[in-house]
Amino acid sequence: MPPSTTVPSPSASGLDSAEAAPNPEVLDRIAARVQRRLAAERAASNSVADGPHAASLIWPWPL
Amino acid sequence: MTSTPPGTPFHTFILKVANRCNIDCDYCYVFNSKDQAWRSLPARMSLDVARVAARRIAEHVGTYGLRTVHVVLHGGEPLLAGPRHLGELLRVLKDGVPSDVEVRFELQTNGTLVSETWLDLFEQYEVTVGVSLDGPPAANDRHRLTHASRSSADSAVRGIELLRSRPRLFAGLLAVVDLANDPVEVHDYLASFEPQVIDFGLPHGSHDAPPDRNDPAVPEYGVWMSRVYDAWLARPQYQHSVRMLEDIVALSSGARGAVETLGLAPPASVVIESDGSVEGVDTLRSVEEGESWLGLDVFSDSFDAAVHHPKLLHRQEAGTAALAEECQRCPLVAVCGGGYLPHRFSVARGYRNPSVYCADLAYLIRHVQGSLQRHGWELGAAATGAQ
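Line by line, the protein sequences are chains V and L.
Take the numbering used here: the last position of the first sequence gets the number 1098, and nothing is skipped along the way.
Take the numbering used here: the last position of the second sequence gets the number 390, and nothing is skipped along the way.
Okay, structure coming up:
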């Protein structure tokens, strides 16, 4: 799942912004957090991370 | 060893410790929505209610064998309970749950009343704090004014800066989207406080009272959030996550759990009002008078009664069974989950509708997934509609 470090192509959608290209460092950090989260879900004996309340800033996964 | 009973347990207990607010956000689902139940509720939760709520939480973790629970101090503005009273509530809650169960205390505040006294209390009980802020002062002032129609931005920022002085306590920032604000400006302003997490909520709306749009033919909220996504990915100097967006990434990569607005995992939170009454989804107050009311309270009923309550059967129906037919056929359903419950509501069809943000969510999810694929991510089955 880790993102490549290739330079991304711009979005094809006309509605998209002309925002700067995604930074590989940021994508790597997100990939690492998501990997930890998937591992935590696989290891959890109960689903403590299911459906956190939207109107509270709960972050039940490893950061 | 006894087996756990059928049903999906609650992992998050939202305690409405104060049922008043010192500011007057015009979009607030508690005070400025169709449901005006707050008018008959106590201004703050008593120790008796907290003591019984803690006993019910202990009962629930015992019934389902839970090892970790979240207890969220919520309002109204929870700091209106006062530091001495909230300290007593925290002590009662901590003492009432078995010591082998990890209790993670969290608090959601508008930030305007934060002081060193509060920070000391939060440190004592390891309470992590989320602050609601919609962006730079001009953006925040569109909705988050005081009762005297003055800006609340300066006092909120002062509270955030105090929280930053004790970084372990600062969970992050929660903003409500307004299309009139510039998404990149909002993102960058919130990011400048260096929170661990930022999240964005879509304004409450239903099929009977749809959200404001400039052009109904354009998925404006999806476009707005996709610009936040692009800004998030282009700023290596910041470390934060954006909850909604990272949830879309995680769900697209095979994760199960996500904030209750996304994915197919059942909502895991239950609300205890200041009088001890129990609600399933408090934001349903935004759609209809009494829609969140279950007729249960902690004095008479266990949380198991809420688990099996007819109004919360959507939690028990596996997968997509509770969703509209068009949602069940949609390839994106494992990521959007059919949308947040209040956003699916209509008087005519209940919750068996696509979200009023359906086109926005589809646009955003495709934008995120397209970006990930261009960078070599292997998306899970959820991203392709295979389940």
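We put the CB at the ideal spot given by N, CA and C, even for glycine.
Run down chain L in chain order and give the residues with a C-beta less than 9 angstroms from the C-beta of residue i.
{"i": "Arg1071/V", "result": "Those within 9 angstroms of Arg1071/V in chain L number zero; the least Cβ separation is about 10 angstroms."}
For residue i, decide whether its Cβ has a neighbour in chain L, counting only Cβ atoms nearer than 8 angstroms.
{"i": "Ala1089/V", "result": "yes"}
{"i": "Ala1056/V", "result": "yes"}
{"i": "Val1061/V", "result": "yes"}
{"i": "Gly1049/V", "result": "Legend: pLDDT at Gly1049/V = 39, less than 50; position of this residue unreliable, value from coordinates given subsequently. No, its Cβ sits nowhere closer than 8 angstroms to a Cβ of chain L."}
Bridge partners of residue i, per DSSP?
{"i": "Cys76/L", "result": "Before going on, a small fix: residue 76/L reads as Leu here, not Cys. Note: Leu76/L sits in a beta bridge opposite Leu18/L and Leu110/L."}
{"i": "Ser391/L", "result": "Here chain L has residues from 4 to 390 only, and residue 391/L is not among them."}
{"i": "Asp202/L", "result": "Leu177/L"}
{"i": "Arg47/L", "result": "Ala21/L"}
{"i": "Glu105/L", "result": "Thr71/L"}
{"i": "Gly90/L", "result": "According to DSSP, Gly90/L bridges with nothing at all."}
{"i": "Ile275/L", "result": "Leu18/L and Val281/L"}
{"i": "Val55/L", "result": "Paired residue(s): none; Val55/L is not in a bridge."}
{"i": "Val429/L", "result": "Only positions 4 to 390 of chain L appear in this structure, which leaves residue 429/L out of reach."}
Determine, for residue i, whether the minimum Cβ-Cβ distance to residues of chain V falls below 8 angstroms.
{"i": "Thr120/L", "result": "no"}
{"i": "Ala237/L", "result": "yes"}
{"i": "Ile60/L", "result": "no"}
{"i": "His63/L", "result": "no"}
{"i": "Ile252/L", "result": "Per the sequence shown, the amino acid found at residue 252/L is Val instead of Ile. Judged by the 8 angstroms Cβ criterion, Val252/L is in contact with chain V."}
{"i": "Thr286/L", "result": "yes"}
{"i": "Tyr354/L", "result": "no"}
{"i": "Glu1/L", "result": "As displayed, chain L neither begins before 4 nor continues past 390, which places residue 1/L out of reach and without an answer."}
{"i": "Gln111/L", "result": "yes"}
{"i": "Ser289/L", "result": "no"}
{"i": "Ala258/L", "result": "yes"}
{"i": "Arg94/L", "result": "no"}
{"i": "Gly99/L", "result": "no"}
{"i": "Glu276/L", "result": "no"}
{"i": "Thr323/L", "result": "no"}
{"i": "Met4/L", "result": "Below a pLDDT of 50, predicted positions are generally treated as unreliable, and Met4/L, at 45, falls in that range; no measurement from the model is reported."}
{"i": "Arg23/L", "result": "no"}
{"i": "Ser272/L", "result": "yes"}
{"i": "His77/L", "result": "yes"}
{"i": "Gly133/L", "result": "yes"}
{"i": "Arg246/L", "result": "yes"}
{"i": "Tyr343/L", "result": "yes"}
{"i": "His311/L", "result": "no"}
{"i": "His73/L", "result": "yes"}
Determine whether the Cβ of residue i lies closer than 8 angstroms to any Cβ atom of chain C.
{"i": "Ala1074/V", "result": "Judged by its chain identifiers, the structure shown contains no chain C, and its protein chains are V and L."}
Could you name the residues of chain L that residue i contacts, counting a contact when the two beta carbons are closer than 8 angstroms?
{"i": "Ala1078/V", "result": "None at all; the shortest Cβ gap to chain L is about 12 angstroms."}
List, in chain order, every chain V residue whose beta-carbon is nearer than 8 angstroms to that of residue i.
{"i": "Gln242/L", "result": "Arg1064"}
{"i": "Glu249/L", "result": "Ile1065, Arg1068 and Val1069"}
{"i": "Tyr128/L", "result": "Chain V residues near Tyr128/L: none, gap ~16 angstroms exceeds 8 angstroms."}
Taking Cβ-Cβ distances shorter than 7 angstroms, what residues in chain V pair up with residue i?
{"i": "Ser280/L", "result": "Chain V residues near Ser280/L: none, gap ~17 angstroms exceeds 7 angstroms."}
{"i": "His146/L", "result": "Residues of chain V passing the Cβ test: none, with the nearest at roughly 15 angstroms."}
{"i": "Ser36/L", "result": "Within chain V, no residue comes near Ser36/L; the closest Cβ sits about 12 angstroms away, beyond 7 angstroms."}
Going along chain V, which residues have a C-beta under 9 angstroms from residue i?
{"i": "His346/L", "result": "None at all; the shortest Cβ gap to chain V is about 10 angstroms."}
{"i": "Ala194/L", "result": "Those within 9 angstroms of Ala194/L in chain V number zero; the least Cβ separation is about 11 angstroms."}
{"i": "Ile17/L", "result": "His1088, Ala1090 and Ser1091"}
{"i": "Val262/L", "result": "Gly1086, Pro1087, His1088, Ala1089 and Ile1093"}
Could you check if residue i belongs to the surroundings of the ligand HEM, using beta carbon to heavy atom distance under 7 angstroms?
{"i": "Val359/L", "result": "With respect to the ligand HEM, the structure offers nothing, as it holds no ligand at all."}
Beta carbons nearer than 8 angstroms to chain V: which residues of the stretch 165-182 of chain L have them? Ala174, Gly175, Leu176 and Leu177
So, does the stretch 252-272 of chain L touch the stretch 7-24 of chain L, judging by three or more C-beta pairs under 8 angstroms? yes
Along the stretch 198-230 of chain L, what residues have a CB closer than 7 angstroms to any CB found in chain V? Gln199, Val200, Asp202, Gly204, Val226, Ser229 and Arg230
Would the stretch 93-106 of chain L and the stretch 138-146 of chain L be scored as touching if the rule is three or more Cβ pairs under 8 angstroms? no
Do the stretch 362-373 of chain L and the stretch 328-341 of chain L touch if we need at least three Cβ pairs shorter than 8 angstroms? yes
Contact between the stretch 205-215 of chain L and the stretch 249-259 of chain L: three or more CB pairs below 8 angstroms? no
The stretch 163-176 of chain L in contact with the stretch 42-51 of chain L per 3-pair CB rule at 8 angstroms: no
Assess contact between the stretch 239-247 of chain L and the stretch 353-362 of chain L, defined as three or more Cβ pairs (one per stretch) separated by less than 8 angstroms. Is contact present? no
So does the stretch 151-165 of chain L actually touch the stretch 181-193 of chain L, counting three or more Cβ pairs closer than 8 angstroms? no
Within 8 angstroms, do at least three Cβ pairs link the stretch 286-302 of chain L to the stretch 25-45 of chain L? yes
Assess, as a yes-or-no matter, whether the stretch 1071-1079 of chain V is touched by the stretch 233-242 of chain L under the definition of 3 or more beta carbon pairs within less than 8 angstroms. no
The stretch 38-51 of chain L: positions lying closer than 7 angstroms to chain V by Cβ: none
So, does the stretch 104-119 of chain L touch the stretch 58-74 of chain L, judging by three or more C-beta pairs under 8 angstroms? yes
Does the count of Cβ pairs from the stretch 20-27 of chain L and the stretch 80-92 of chain L closer than 8 angstroms reach three? yes
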